[in-house]
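Chains as they are written, first to last, in my numbering: chain E, 4 to 174; chain X, 220 to 367. In this text, a Cβ means the ideal position worked out from N, Cα and C, and glycines have one as well. These numbers come from a predicted model, not from an experiment. First up is the structure itself, then whatever we jot down about it.
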């Protein structure tokens, strides 16, 4: 509850239906957090519309959910530099041919190119610059094909960010 | 798109020196009143870029008059944020101006940041003139291949 109360900025990259951020938003509301601003981005316009609808129908919109159609968090990088306390990213992690990557249609929700890492790798420097120090945390979903140990090493060696496995499931 | 969202958006087209703040060119605006949480507004004031908010407020004023009817008045804002908000540390200091002024200021901020929605229009980069469209209230900040 202490952690929830201290959160000032939340960012979800690729919000899709918006359930993750909206769920966090309702937890923040329950914890009587009056400071958190929530940001949700997605390349797909329909996803943004649904995210806003999900927020509204769950009473989260009352406070603040700013939804933006963009690639990763590109237009927010300056204003949110080192300010994101909780970052959520469920990337398109399925290994696919390169040609399937980079659309803004529904494939964007799963197509991850080689090792399912193409989109995620582009996000790494953004995530590193956005997280607040020392307690900012990013919650990210990967599958074994994405070589998570490699990701952990890169994050630590290049950015000093510790990667800790949180939950493991069989899909 | 709320003006709160606008306050955070920047153009990162390759070669742009400072793509902030974006100029708002609204073609359709809606107003939806929402309940005020004073504490929330006070906290938001420590995060926003006030001068960007000021110019945004001025940029939407005409469209508010035409779309929201002559009864609707866009609250005015002081040129400079009252000291107790601009210096995040002094938020709990004793009040300098009277309570009524403060409450009025917070209400104005709430209306402008949260309740005025730009449904259609454009955001224009002050540096390069690059236009980003706003459709159904959603700003589209996706860059083209050659802009990255």
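From residue i to residue j, what does the alpha carbon distance come to, in whole angstroms?
i: residue 45 of chain E; j: residue 141 of chain E; result: 17 Å
i: residue 122 of chain E; j: residue 289 of chain X; result: 48 Å
i: residue 69 of chain E; j: residue 160 of chain E; result: 33 Å
i: residue 167 of chain E; j: residue 332 of chain X; result: 37 Å
i: residue 18 of chain E; j: residue 32 of chain E; result: 19 Å
i: residue 272 of chain X; j: residue 285 of chain X; result: 21 Å
i: residue 96 of chain E; j: residue 291 of chain X; result: 48 Å
i: residue 7 of chain E; j: residue 36 of chain E; result: 7 Å
i: residue 276 of chain X; j: residue 107 of chain E; result: 32 Å
i: residue 40 of chain E; j: residue 170 of chain E; result: 26 Å
i: residue 262 of chain X; j: residue 303 of chain X; result: 12 Å
i: residue 148 of chain E; j: residue 115 of chain E; result: 10 Å
i: residue 243 of chain X; j: residue 279 of chain X; result: 7 Å
i: residue 297 of chain X; j: residue 143 of chain E; result: 42 Å
i: residue 309 of chain X; j: residue 98 of chain E; result: Because residue 309 of chain X carries a pLDDT of 48, less than 50, the predicted location of this residue cannot be relied on, and no value is offered for it.
i: residue 132 of chain E; j: residue 94 of chain E; result: 18 Å
Hey, does residue i have any beta-carbon neighbour from chain X nearer than 9 Å?
i: residue 81 of chain E; result: yes
i: residue 58 of chain E; result: no
i: residue 38 of chain E; result: yes
i: residue 24 of chain E; result: no
i: residue 91 of chain E; result: no
i: residue 123 of chain E; result: no
i: residue 11 of chain E; result: yes
i: residue 104 of chain E; result: no
i: residue 109 of chain E; result: no
i: residue 170 of chain E; result: no
i: residue 101 of chain E; result: no
i: residue 69 of chain E; result: yes
i: residue 78 of chain E; result: yes
i: residue 6 of chain E; result: no
i: residue 146 of chain E; result: no
i: residue 52 of chain E; result: yes
i: residue 46 of chain E; result: yes
i: residue 74 of chain E; result: yes
Determine the contact status of residue i and residue j, defining contact as a CB-CB distance below 9 Å.
i: residue 58 of chain E; j: residue 87 of chain E; result: no
i: residue 119 of chain E; j: residue 146 of chain E; result: yes
i: residue 351 of chain X; j: residue 241 of chain X; result: yes
i: residue 83 of chain E; j: residue 227 of chain X; result: yes
i: residue 360 of chain X; j: residue 73 of chain E; result: yes
i: residue 248 of chain X; j: residue 338 of chain X; result: yes
i: residue 295 of chain X; j: residue 327 of chain X; result: yes
i: residue 23 of chain E; j: residue 15 of chain E; result: yes
i: residue 139 of chain E; j: residue 85 of chain E; result: yes
i: residue 13 of chain E; j: residue 90 of chain E; result: yes
i: residue 336 of chain X; j: residue 221 of chain X; result: yes
i: residue 50 of chain E; j: residue 77 of chain E; result: no
i: residue 29 of chain E; j: residue 63 of chain E; result: yes
i: residue 238 of chain X; j: residue 365 of chain X; result: no
Under the assumption that residue i contacts residue j (Cβ atoms under 8 Å), give the Cβ distance between them as a whole number of angstroms.
i: residue 251 of chain X; j: residue 334 of chain X; result: 6 Å
i: residue 355 of chain X; j: residue 52 of chain E; result: 7 Å
i: residue 235 of chain X; j: residue 344 of chain X; result: 6 Å
i: residue 329 of chain X; j: residue 260 of chain X; result: 5 Å
i: residue 353 of chain X; j: residue 342 of chain X; result: 7 Å
i: residue 92 of chain E; j: residue 126 of chain E; result: 6 Å
i: residue 229 of chain X; j: residue 103 of chain E; result: With 8 Å as the limit, residue 229 of chain X and residue 103 of chain E do not qualify as a contact, their Cβ atoms being about 30 Å apart.
i: residue 283 of chain X; j: residue 293 of chain X; result: 5 Å
Please confirm if residue i has its CB atom under 9 Å from at least one CB of chain E.
i: residue 309 of chain X; result: Residue placement at residue 309 of chain X is flagged as unreliable, the pLDDT there being 48, under the threshold of 50; a coordinate-derived value is accordingly withheld.
i: residue 361 of chain X; result: yes
i: residue 354 of chain X; result: yes
i: residue 304 of chain X; result: no
i: residue 365 of chain X; result: no
i: residue 321 of chain X; result: no
i: residue 358 of chain X; result: yes
i: residue 326 of chain X; result: no
i: residue 266 of chain X; result: yes
i: residue 263 of chain X; result: yes
i: residue 221 of chain X; result: yes
i: residue 338 of chain X; result: no
Requested in this report: Can you check the region 34 to 74 of chain E for any beta strand (DSSP E) of at least 3 residues that lies completely inside it and give the ranges in chain order?
Outcome: 40 to 45 and 68 to 72
**Report entry** Segments of 4+ residues assigned as alpha helix (DSSP H) that fall wholly inside the region 252 to 291 of chain X
**Finding:** 257 to 264 and 269 to 287
Report task. Pick out the complete beta strand (DSSP E) segments inside the region 69 to 123 of chain E, 3 residues or longer, and give them in chain order. Result -> If only uninterrupted beta strand (DSSP E) runs of at least 3 residues are considered, those enclosed by the region 69 to 123 of chain E are 89 to 92.
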